[in-house]
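Those sequence lines, one after another, are chains A and B.
So the numbering used here is basically just the index in the first sequence, starting at one, shifted up by 3.
So the numbering used here is basically just the index in the second sequence, starting at one, shifted up by 15.
Single-structure report; data block below.
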Amino acid sequence: MDSENIGQRSSPTRKKWRKIAYGGMQPGYDDNHTDDSFLEDMIMNANVVKRNLLKAMLDSVSISQYICVVALVIVVWTCTLSATLNERSLMILDVGLLGSGFFVLLITVEMMSVTLLLNYVLKMAFFITGLYILSPIYYTLTRSISSDSIWSLTGSLIILHLFLHNYSGSTVRAPGALENPSLMSNVSLNASIVASLLIASRLPSRFHVFAVVLFSLQVFLFAPLVTYCIKRYSYRLHLCFSFSLMALTLALVHRLHRLIFVLLLAVFVFVNVICPYWLIRIQEYKFEINGPWDEAKLCFDIRD
Amino acid sequence: MKRKRCRLWWPKHINSSLSSANELNLIFGWFISSTEDDFTNLDIVVAFACHESNSQINLQAILDETNRNMHTPLHDKHTFSLLGFYLSGSECNGSTRQVGIGKHTHSYSTHLRVCLCGSENTHKILSETSMCLCCRYNQLLEHNRMTSVGSNRWLQLEMSYIEQRVSKELVTPELHHIHWNGATLSQLDVHVIVYDVPKFGCHYYSLGSDCETKQLSTSSKRPMWVEDLHKSSSTLDLEAVFLAINSVNAANILLERHLAPQALANQCRIICKILTFSWQLLAILVASFWTLCYVILQFFYKLFSFISLLWVYNNITAKAFCNTFQNIQIRCSQFMYWPVFLQNDGLRAQPCVEYAEKAALQRHSMWSTILVDLFLGNLLGTVLWFHAESVYFWVSSFSDGVTNYVLRTGCVWLMENPAGFKLNTDLAGILGMISLNAIQIWSTLWFFISDLFVHFIKLLALSGIIFGFTTPASMIIDVISLATIHISALHWLISLIYSQQIEAIASLWRLFRGKKCNPLRQRLDSYEYTVEQHVVGSLLFTPLLLLLPTTSAFYMFFTILITTFSFICFIMVVIVSVIHATPYNKILLWLLKKGRFPSGMWIEIISCSCNHSPKVKSIGGFASSSHELKGSNDDTESTTLVSSIHNNFQTLATIVFPHYICLFLAISRSSSASSAHGILTGKSIPSSIGITLPSMLPWMAMPYRDYWCLCYKAVHNCKSDCTCHRRQ
């Protein structure tokens with residue numbers, strides 16, 4: 004009552020309305036009153052990054068690179084299942100991959116010390132031993148299930164893995180990387196491991212199983228790490244590596260199956276050309292407003 | 016002013032004992048009103064009538080003694096008193112008799128013609144009511160009676176009789192007037208309810224189960240209007256009325272003993288003596304036989320305790336045969352304690368017939384249970400004893416069939432791909448081989464044991480003959496659980512694997528979701544895990560998940576088997592506890608005489624002065640009859656409703672059901688849900704189902720002589736249960 008009276012009394016010389024967050028009700032104004040000056044502070048498209056087509060296309064190369072890696076793994080699986088690749092060459096492939104991976108890490112990462120490397124080696128040794136012990140169990144795991152259902156299950160798991168994969172970072176935390184792996188990337192890693200175990204259980208011998216599981220785990224776990232390190236080291240090297248990988252994949256798939264080759268080529272074109280073009284086209288419709296109604300944002304990292 | 020209502024409860028038998036001609040009879044009974052000062056509902060329970068010539072005796076002392084003998088809640092609230100008088104005369108009408116009823120005769124005077132020796136107000140009242148019939152009769156008969164000393168309120172009421180039109184035998188009274196706190200009330204709504212005097216062994220009246228639940232529920236908190244409702248319904252106070260009616264017989268006996276001592280005397284003395292003698296003989300025989308049994312029991316008890324001290328493996332046998340031992344102990348304690356229960360004299364002299372009946376049922380429950388159980392056991396025992404060989408053949412062929420065609424075939428079937436399940440062949444092979452080996456070992460053992468089995472059947476028969484049906488039944492339970500020990504061992508093994516696997520899969524699933532179980536706080540905490548843990552977890556998760564169908568198939572097979580056997584055991588346990596719990600004496604009495612188990616009543620309206628046609632109404636409580644009275648409230652004239660009360664009888668289910676419901680209290684929805692959860696997760700199958708057996712009493716160590724006396728007294732006292740209703 005009092006405030007109303009005051010408001011009425013002072014109505015000829017009314018106080019100007021101000022935007023106060025916690026000032027309570029201003030006399031003479033409604034609680035939800037806003038001024039004409041309210042929309043003056045509105046900002047449109049403040050945070051939108053201008054992209055050009057070339058940069059978008061170059062960025063999308065890392066996606067197609069990972070697709071290449073997965074396709075190569077599948078090629079190795081099919082070769083092993085069709086017995087064109089015996090266990091000895093598989094083991095050589097494993098060792099070679101491991102060695103080249105360490106080599107790349109040594110070159111690209113400056114902070115690599117002897118203790119960290121030793122730590123990696125020790126973990127790998129434990130891991131390989133455990134896998135060797137477990138391989139007889141994997142060997143007979145799906146003997147009573149038919150191959151078709153295993154293949155379809157594997158295919159769907161690989162697709163799930165590709166969709167949920169974290170393309171910007173790596174699942175294994177690289178030295179110097181900021182973020183921890185998210186739940187999505189964990190699910191994707193899980194799907195890839197289950198798929199590789201399912202494939203491995205169809206193989207003819209225990210050593211095969213061990214070699215294939217080791218190979219696919221190496222690739223799925225450490226390929227993102229290696230590519231991430233390469234990309235950080237030199238962007239040009241990254242581009243070279245990606246394109247050579249794509250060429251290799253296409254060549255191998257072409258030998259394997261014509262239709263899959265076409266499909267893979269289409270995917271590459273879609274990811275590298277169509278999608279960036281699409282993104283640039285729809286960039287015009289971007290409309291983002293900011294204003295005094297936004298909630299406060301922290302301008303520093305809370306963890307520091 | 017509200018119309019006064021009055022219910023007059025009139026005993027049927029009183030008509031015969033009343034003298035027909037123009038004579039004065041004293042009537043005794045209770046006034047039951049909710050409020051002492053002013054009443055809207057008054058219940059007058061008439062119990063007894065005697066000729067006025069008896070009034071020379073000191074009535075006050077007799078009434079006091081009768082009151083003292085009444086049940087406590089009754090004589091605390093309402094006193095048994097001389098209600099008034101009742102006249103069978105032909106003064107007004109050819110078929111009219113008058114009755115006067117007065118309350119409170121704390122001093123009783125037989126002075127003639129003198130007004131009263133009491134307080135002044137009685138003078139006043141008498142002078143006020145000098146016009147009315149009762150005082151006229153008072154003066155006529157030169158008889159003056161009721162004074163109330165120290166009490167301002169007393170009343171006198173008078174009734175006239177109307178000959179019943181429907182049946183000549185039933186003669187109903189009519190209230191003439193009532194003196195209440197100095198006022199003469201003749202404009203009353205009277206409801207005369209004729210009741211049959213409850214006698215022990217014949218029938219009694221009971222409100223039924225509704226009233227008990229009502230009393231129970233009042234303890235909880237209720238809104239105000241419910242309280243009001245309870246208050247208004249309490250004006251009826253039917254419980255007190257029924258308590259009074261049920262105590263009528265005891266009061267009658269006491270009064271008769273004082274008023275007409277010669278009437279009780281010898282009618283058939285010789286027959287009575289012969290009966291008493293034969294009963295004593297029976298008691299001596301039973302007591303001697305039972306003392307012999309007691310001696311044998313004590314001997315075996317001492318022997319058994321001595322053996323159990325020596326024998327080291329006592330624990331194992333006690334665990335294996337726990338059901339048997341428990342039942343034998345219960346039966347032994349029942350054997351020893353039945354005379355104690357039967358002798359229980361404290362409840363014998365109940366004035367209220369309802370309580371007396373219930374106490375008698377309680378007394379006779381134990382020995383009737385023993386008797387029926389022994390009968391069943393003898394039946395089973397003799398059949399088993401004479402057909403031991405064929406029973407043995409049947410059992411061995413059955414066990415062979417189960418072993419070969421269920422266990423072995425089932426295991427082999429599981430080792431292949433059963434029902435299209437994609438089992439892991441290697442794991443299924445290992446599990447199947449283990450179970451086949453266990454079954455083979457057990458069947459080899461069974462081959463050696465089977466020679467002893469005939470003797471076991473004979474033992475079963477013998478125990479049935481000696482201890483009754485429940486002991487061999489519980490022995491069968493124990494033997495079934497012993498004979499299926501290989502299945503339970505296999506089930507234990509598989510359930511261990513299965514539950515561990517389920518638990519591992521659940522915790523790994525939580526790991527993938529970034530959670531971990533916190534058992535201290537019963538919740539899921541978030542959990543940051545490393546990639547190594549994740550990879551190892553997912554490497555283990557895949558085989559665990561893919562091997563789950565195999566273990567679960569084996570687990571299901573053995574669970575089904577073990578649940579079947581434990582269900583058979585459960586049925587046996589249920590049979591045993593039902594045999595223990597069934598009230599055989601109640602069932603027998605219900606079959607013989609349904610009147611001893613009333614539940615509620617209905618009221619048959621015989622006549623109504625408002626020219627209502629006679630009709631029959633079935634009433635659960637009393638509400639409708641009071642409604643009837645309310646309906647006639649508008650008339651200025653008083654209305655009289657004559658009705659007779661009849662019992663509703665309990666059905667067999669309502670008698671037996673309460674005994675069974677306490678049996679299965681332990682089986683609730685939550686317990687069955689938890690056991691189902693236990694079966695699904697492979698934790699445990701409930702081994703013992705919470706069915707309560709009768710409680711075990713401590714071992715009795717009484718001298719044999721005392722025990723004989725106890726037995727003799729118990730059996731001898733039973734005679735009163737059998738004959739007391741005859742005496743009454």
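For every residue, glycine included, the Cβ atom is placed at its ideal position computed from N, Cα and C.
Residues of its chain near residue i, where Cβ-Cβ distance is below 7 Å and the 5 sequence neighbours each way are ignored
| i | result |
| --- | --- |
| B:N432 | L438 |
| A:N275 | M60, S63, V64 and S67 |
| A:P139 | R209 |
8 Å Cβ shell around residue i - same chain, five flanking residues per side excluded
| i | result |
| --- | --- |
| B:I491 | L475 and M587 |
| A:M127 | L101 |
| B:I500 | W457 |
Residue range of the unbroken alpha helix (DSSP H) whose run includes residue i
| i | result |
| --- | --- |
| A:P279 | C278 to I285 |
| A:R91 | E90 to T111 |
| B:H379 | V368 to F401 |
| A:F273 | From DSSP, A:F273 is part of no alpha helix (DSSP H); its letter is neither H nor E. |
| A:S237 | A:S237 -> no alpha helix (DSSP H), and no H or E assigned at all. |
| A:N122 | V117 to Y142 |
| B:C308 | R284 to L325 |
| B:P26 | It is not in any alpha helix (DSSP H) - B:P26 instead sits in the beta strand (DSSP E) that spans R20 to P26. |
| B:F462 | T440 to I464 |
| A:W80 | V64 to L84 |
Residue i: first and last residue of the uninterrupted beta strand (DSSP E) it sits in
| i | result |
| --- | --- |
| B:Y210 | D204 to Y210 |
| B:R538 | R538 to S541 |
| B:C217 | Element bounds for B:C217: n/a, residue is neither H nor E. |
| B:N533 | K530 to N533 |
| B:S658 | T655 to F664 |
Inter-residue Cα distance where the pair is residue i and residue j
| i | j | result |
| --- | --- | --- |
| B:P534 | B:E518 | 14 Å |
| B:P213 | B:I331 | 57 Å |
| B:S380 | B:L607 | 16 Å |
| A:C82 | A:F225 | 22 Å |
| A:L186 | A:Y170 | 14 Å |
| A:V216 | A:I196 | 8 Å |
| A:F129 | A:R258 | 37 Å |
| B:T655 | B:R20 | 10 Å |
| A:Y46 | A:P295 | What sits at residue 46 of chain A in the sequence shown is Ile, not Tyr. Rounded to whole angstroms, A:I46 to A:P295 spans 9 Å at the Cα level. |
| B:D211 | B:L297 | 35 Å |
| A:Q221 | B:L526 | 22 Å |
| B:H674 | B:P598 | 7 Å |
| A:V98 | A:R205 | 23 Å |
| B:E404 | B:L497 | 21 Å |
| B:I47 | B:N82 | 14 Å |
| B:S320 | B:L307 | 20 Å |
| B:C532 | B:Y542 | 9 Å |
| B:A434 | B:R536 | 43 Å |
| B:Q516 | B:P564 | 11 Å |
| B:L561 | A:I148 | 10 Å |
Contacting residues, own chain, Cβ-Cβ under 6 Å from residue i (five flanking each side not counted)
| i | result |
| --- | --- |
| A:W80 | I202 |
| B:L523 | G552 and F556 |
| B:G479 | G392, L395, G396 and P487 |
| B:H341 | Note on identity: in this sequence residue 341 of chain B is Gln, with His being the wrong assignment. For B:Q341, where only same-chain residues beyond five positions count, there are no Cβ hits under 6 Å. |
| A:L88 | C82 |
| B:G109 | No answer about B:G109 holds up, because its pLDDT of 34 lies below 50 and its placement is not dependable. |
| B:H731 | A298 |
Cβ separation of residue i and residue j, assumed to be a contact under 8 Å, to the nearest whole Å
| i | j | result |
| --- | --- | --- |
| B:W400 | B:I208 | Rounded, the Cβ-Cβ distance is 60 Å, inconsistent with contact. |
| B:A266 | B:A76 | With a Cβ gap of about 15 Å, B:A266 and B:A76 do not count as contacting. |
| B:R346 | B:T485 | 7 Å |
| B:W461 | B:S414 | 7 Å |
So within the stretch 556-634 of chain B, which uninterrupted beta strand (DSSP E) runs reach at least 3 residues, ignoring any that extend past its ends?
613-623 and 630-632
May I have a chain-ordered list of the alpha helix (DSSP H) segments no shorter than 4 residues that lie completely inside the stretch 479-522 of chain B?
485-498
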